[in-house]
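Peer 1: To start, I am sharing the structure in question, which I have written as structure tokens.
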Amino acid sequence: MAAMGLRHLYEENKIVHEPPSTCDSIESWEETGKKLFESIKMQVIYDGETGKVAFDAQGDRIFAEYTLMNVKENKKAQFGSNDLQTVGEYSYDMDTDEMQLFINLSEITWPGKRKEVPQGYILPTHFRVMTLHERPFVYAEPIASPEDCGPTNEALCPLFNTSTNETQLMCCWGYCIDLLFTLAKKNNFTFSLELSPSVHYGALKQNSQGKKEWTGIIGQLVNEENGIDMVAAPLTINPERSDAIAFSKPFKYQGITILVKRVPHEPALVSILQPFRDTLWLMLLATVHVIALVVWILDRLSPVYK
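Letter by letter, the sequence shown follows residues 1 to 306 of UniProt numbering.
Next comes the structure, spelled out in structure tokens:
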């Protein structure tokens with residue numbers, strides 16, 4: 001490919017600079033090197049040792065061929081090594097000028113030593129997300145039209161009023177909204193945001209029938225009839241909530257520490273009196289004397305000693 005690129009440059013008379021006279025000179029290579037790179041990207045080999053060789057606009061190879069291997073456990077081999085069996089290939093077809101996938105599903109051993117193809121499941125690409133007005137994580141303000149909500153760091157979050165059965169247009173922004181936009185961009189999904197009609201996060205309480213049910217925004221999430229997929233709000237993780245819903249990784253920790261000034265005391269002869277206050281010691285002495293006086297009076301008035 002490099003030789004073909006150089007020939008193309010030579011035939012097009014695009015090599016205009018003389019070779020550098022010293023090893024430190026890079027001026028000629030800065031221009032000729034870019035032309036050589038663009039020339040190599042234009043070259044195509046249809047019957048190379050590894051199939052068709054071509055490059056995209058960034059210089060990455062396209063039409064690369066792959067052999068599909070199935071890893072099978074071989075218990076008879078030493079140290080329990082695995083065997084590799086060819087079950088297909090991903091190669092270039094000259095007739096259609098496209099990449100074709102050829103695979104023999106009957107020869108594949110799936111995890112669990114199964115011959116049947118796993119059914120799999122479909123991952124949704126759009127989610128209904130509910131949030132809660134809680135500054136500074138989520139700010140919410142009413143708007144007149146959807147155009148009043150910014151397209152970059154703000155999102156429409158309509159609020160459904162359960163008492164009037166009316167929906168009010170709201171615009172939300174804040175830390176949780178920015179985090180939601182970042183997750184959607186990195187994980188390639190879209191979302192529609194809604195504001196929770198309840199101002200509470202949620203607790204497990206008994207209803208009128210005596211059954212325990214979740215209230216607040218957690219109740220909106222666990223109730224499948226609402227169709228809410230996730231919640232973006234500053235929820236506190238506790239054991240009861242962890243049993244009902246799956247939390248993301250916590251991003252904030254809070255610890256409360258009480259600091260008390262330590263006053264050094266020099267040892268003295270009266271150190272034994274330090275555990276209690278002076279008034280308490282006086283009360284103890286007075287109590288002892290009062291009890292002794294009462295016992296003496298009872299002893300004097302007793303008819304046994306008269």
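Glycine included, C-beta positions come from ideal geometry on N, C-alpha and C.
1. When we look at the beta-carbon of Lys185 and count the other beta-carbons within 10 Å, is it buried (16 or more) or exposed?
2. Closest to Ser196 by C-alpha separation, out of Leu183, Thr215 and Phe189, would be which residue?
3. May I ask which residues mark the beginning and end of the beta strand (DSSP E) holding Gly5?
4. Ends of the alpha helix (DSSP H) at Glu240?
5. How big is the Cα-Cα spacing for residue 360 and Cys149?
6. Give me the Cβ distance between Leu68 and Glu89, rounded to the nearest whole Å; I'm assuming they're in contact under 8 angstroms.
7. Can Val129 and Leu180 be called in contact, C-beta distance under 8 angstroms?
8. So within the UniProt domain "Ionotropic glutamate receptor C-terminal" (148-306), which uninterrupted beta strand (DSSP E) runs reach at least 3 residues, ignoring any that extend past its ends?
9. Whose C-alpha, out of Phe247, Arg61, Ile103 and Gln220, is nearest the C-alpha of Thr162?
10. Skipping 5 residues on each side, what residues in its chain have a beta carbon closer than 8 angstroms to that of Pro250?
11. Can we say the region 94-108 touches the region 155-170, given the rule of at least three CB pairs closer than 8 angstroms?
12. Just to confirm, is the Cβ distance from Ile245 to Ile218 under 8 angstroms?
13. Bridge partners for Pro142 per DSSP, in chain order?
14. Return the chain-ordered list of same chain residues with a C-beta closer than 7 angstroms to the C-beta of Val199, the five sequence neighbours on each side being excluded.
Peer 2: Taking the structure as given:
1. In the sequence shown, residue 185 corresponds to position 185, counting from 1. Its Cβ having fewer than 16 others within 10 Å, Lys185 is exposed.
2. Translated into the one-based positions of the sequence shown, residue 196 becomes position 196. Ser196 has its Cα closest to that of Thr215, out of Leu183, Thr215 and Phe189.
3. Locating residue 5 in the sequence shown gives position 5, where the first residue counts as 1. Taken as a continuous stretch (DSSP letters only), Gly5 belongs to no beta strand (DSSP E), being part of the alpha helix (DSSP H) at Ala2 to Glu11.
4. Taking the first residue of the sequence shown as position 1, residue 240 is located at position 240. Annotation: the continuous alpha helix (DSSP H) that includes Glu240 extends over Pro239 to Ala244.
5. It is not possible to answer for residue 360, since the shown part of the chain is limited to 1 through 306.
6. For this step, residue 68 is matched to residue 68 along the sequence shown. For this step, residue 89 is matched to residue 89 along the sequence shown. Yes, they are in contact, since the Cβ atoms of Leu68 and Glu89 sit about 6 angstroms apart, within 8 angstroms.
7. As a working mapping, residue 129 is identified with position 129 in the sequence shown. As a working mapping, residue 180 is identified with position 180 in the sequence shown. Closer than 8 angstroms, so yes.
8. As summarised for the UniProt domain "Ionotropic glutamate receptor C-terminal" (148-306), the continuous beta strand (DSSP E) elements at least 3 residues long and confined to that stretch are 159-161, 166-168, 170-173, 190-195, 204-206, 212-214 and 230-232, given in chain order.
9. Sequence index remark: in the sequence shown, residue 162 carries index 162 (1-based). Closest option to Thr162, Cα to Cα, is Gln220.
10. For the purposes of this step, residue 250 is taken as residue 250 along the sequence shown, with counting starting at 1. These residues qualify, in order along the chain: Ile237.
11. No: the two stretches stay apart, fewer than three of their Cβ pairs being nearer than 8 angstroms.
12. What you label residue 245 is simply residue 245 of the sequence shown in a count that begins at 1. What you label residue 218 is simply residue 218 of the sequence shown in a count that begins at 1. Yes. Within cutoff.
13. Along the sequence shown, read from residue 1 onward, the residue named residue 142 stands at position 142. Per DSSP, Met170.
14. Indexing the sequence shown from 1 puts residue 199 at position 199. Spatial neighbours of Val199 in its own chain (CB-CB distance under 7 angstroms, excluding positions within 5 residues in sequence) are not present.
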